[in-house]
Amino acid sequence: MKKLVALAFLIVSTGIYAQKIKVSEGDIKNLKEITSYNMVFDYSDVQIPKYDSEEEFLEDKMQKREKKEAGTGEKFKKSWFADRGDRYEPKFIESFNKRFDDNEISVSADGGDAQYTMKIHTTKLYAGYNVGVVRKNAEIDATVTVYETANADNVLFSGMYRDVQGYGAMGNDYNSGYRISECYAKLAKNIAGYIKKKALK
4 MKKLVALAFL
14 IVSTGIYAQK
24 IKVSEGDIKN
34 LKEITSYNMV
44 FDYSDVQIPK
54 YDSEEEFLED
64 KMQKREKKEA
74 GTGEKFKKSW
84 FADRGDRYEP
94 KFIESFNKRF
104 DDNEISVSAD
114 GGDAQYTMKI
124 HTTKLYAGYN
134 VGVVRKNAEI
144 DATVTVYETA
154 NADNVLFSGM
164 YRDVQGYGAM
174 GNDYNSGYRI
184 SECYAKLAKN
194 IAGYIKKKAL
204 K
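When you read off a place in the sequence shown, starting at 1, and then add 3, the result is the number in my numbering.
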């Protein structure tokens with residue numbers, strides 16, 4: 004019994020630790036007066052676990068699909084990139100904005116004349132899997148950086164989240180794009196909560 008309790012505590016502790024941000028530059032207090040952000044998403048040099056590069060990952064997945072059914076490999080590649088603009092980014096924006104009931108702070112992909120930009124640089128992307136009897140959450144690492152829109156060198160704050168996992172659909176998340184999008188929803192929740200807790204108080 005004690006072993007089970009210890010294991011449960013370890014799992015919970017690991018999950019909590021994984022969600023903490025590691026600040027690398029600036030101070031979260033610098034964001035106190037900011038009410039709107041222009042959003043930028045960066046996927047350059049993203050790492051895929053068990054692969055040397057994203058290109059190697061795509062080649063492997065495409066070949067496996069092509070062996071089963073012609074044309075499905077290219078379809079997978081298109082959806083892999085399309086999901087960024089169609090799923091991940093809208094999910095992040097929606098999740099972030101709904102954390103502020105009075106719209107006191109908001110983010111937008113079309114921030115217009117927003118004085119500050121929030122950039123999400125995804126550095127690791129793991130799609131997870133769901134084959135019915137066995138599933139594993141998708142997971143991302145990402146660096147959030149806030150800088151002056153007119154001067155990207157003027158960084159107000161930057162920090163990294165590791166192993167951000169998404170949960171959704173009560174386990175019925177068979178689509179990899181959906182699973183990954185839930186990671187971005189969780190990331191947005193974490194960032195919004197951190198701003199509320201550390202910058203606004």
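For every residue, glycine included, the Cβ atom is placed at its ideal position computed from N, Cα and C.
Every value quoted in this text rests on a predicted model; they were computed, and no experiment measured them.
At what residues does the alpha helix (DSSP H) containing F79 begin and finish? Numbered from 1 along the sequence shown, position 76 holds the residue referred to as residue 79. In the DSSP assignment, F79 falls within the unbroken alpha helix (DSSP H) covering 75-86.
Three-pair Cβ contact test at 8 Å for the segment 55-73 versus the segment 174-192: With the rule of 3 Cβ pairs closer than 8 Å, the segment 55-73 does not count as touching the segment 174-192.
Residues of its chain near Y197, where Cβ-Cβ distance is below 8 Å and the 5 sequence neighbours each way are ignored: Position 194 of the sequence shown, counted from the start, is the residue given in the question as residue 197. The residues are I24, I31.
V158 and I194 closer than 8 Å at C-beta: Residue numbering aside, residue 158 sits at position 155 when the sequence shown is read from its first letter. Residue numbering aside, residue 194 sits at position 191 when the sequence shown is read from its first letter. No, Cβ-Cβ distance for V158 and I194 is not below 8 Å.
Which one of M42, G29, K199 has the shortest CA to CA distance from G88? Against the sequence shown, residue 88 aligns to sequence position 85. Across the set M42, G29, K199, the C-alpha of M42 shows the shortest separation from the C-alpha of G88.
Would you check if there are 3 or more beta carbon pairs closer than 8 Å linking the segment 42-51 to the segment 110-127? The segment 42-51 vs the segment 110-127: in contact.
Below 8 Å between beta carbons: does that hold for T75 and T120? Position 72 of the sequence shown, counted from the start, is the residue given in the question as residue 75. Position 117 of the sequence shown, counted from the start, is the residue given in the question as residue 120. No.
Span of the alpha helix (DSSP H), counted from its first residue to its last, around D63: Within the sequence shown, residue 63 is the residue found at index 60, counting from 1. Its alpha helix (DSSP H) spans residues 57-71.
For N133, count neighbouring C-beta atoms within 10 Å of its own C-beta (all shown protein chains included) and say buried if the count is 16 or more, exposed if not. Translated into positions along the sequence shown, residue 133 becomes position 130. Per the 10 Å Cβ criterion, buried.
Alpha carbon of I14 to alpha carbon of D116, nearest angstrom: Walking along the sequence shown from the start, residue 14 turns up at place 11. Walking along the sequence shown from the start, residue 116 turns up at place 113. With a pLDDT of only 40 at I14, under the threshold of 50, the placement of this residue in the model should not be trusted; the figure read from the coordinates follows. I14 and D116 have their C-alpha atoms some 44 Å from each other.
For K80, which residues from the same chain have a beta carbon less than 7 Å from its beta carbon, with the 5 sequence-adjacent residues on both sides left out? Here residue 80 corresponds to residue number 77 of the sequence shown, with the count starting at 1. Cβ within range, chain order: L61, M65.
Rounded to a whole number of angstroms, what is the C-alpha to C-alpha distance between G29 and Y40? Taking the first residue of the sequence shown as position 1, residue 29 is located at position 26. Taking the first residue of the sequence shown as position 1, residue 40 is located at position 37. Taking the straight line joining both Cα atoms gives about 17 Å.
Sort P93, I183, L190 by Cα distance to Y164 and report the nearest one. Stepping through the sequence shown from its first residue, residue 164 is reached at position 161. Ranking P93, I183, L190 by Cα distance to Y164 puts L190 first.
What separation, rounded to the nearest whole angstrom, lies between the Cα atoms of E185 and N154? As a first step, residue 185 must be located in the sequence shown, where it is residue number 182. As a first step, residue 154 must be located in the sequence shown, where it is residue number 151. Approximately 31 Å, taken between the alpha carbons.
Can you give the Cα-Cα distance for K70 and R90, rounded to whole angstroms? Residue 70 sits at position 67 when you count from the first residue of the sequence shown. Residue 90 sits at position 87 when you count from the first residue of the sequence shown. Between the alpha carbons of K70 and R90 lies a distance of about 27 Å.
Please report the distance separating the alpha-carbon of L128 from that of S82. Working through the sequence shown from its first residue, we reach residue 128 at position 125. Working through the sequence shown from its first residue, we reach residue 82 at position 79. Across the structure, L128 and S82 are spaced so that their CA atoms are roughly 15 Å apart.
With a 10 Å radius around its C-beta and 16 neighbouring C-beta atoms as the bar for buried, classify A141 as buried or exposed. Translated into positions along the sequence shown, residue 141 becomes position 138. Buried, since its Cβ has 16 or more Cβ neighbours within 10 Å.
Using 7 Å as the cut-off, classify the Cβ of Y164 as near or not near the heavy atoms of the ligand ATP, replying yes or no. Of ligands this structure carries none, so the ligand ATP is not represented either.
When the Cα atoms are used, what is the spatial distance from E107 to I51? Here residue 107 is taken as the residue at index 104 of the sequence shown, counted from 1. Here residue 51 is taken as the residue at index 48 of the sequence shown, counted from 1. Rounded to the nearest whole angstrom, the CA to CA distance from E107 to I51 is 36 Å.
For L34, which of helix, strand or coil comes out of DSSP? The residue you call residue 34 lines up with position 31 of the sequence shown. In the structure shown, L34 sits in a helix (DSSP, three-state: H, G or I).
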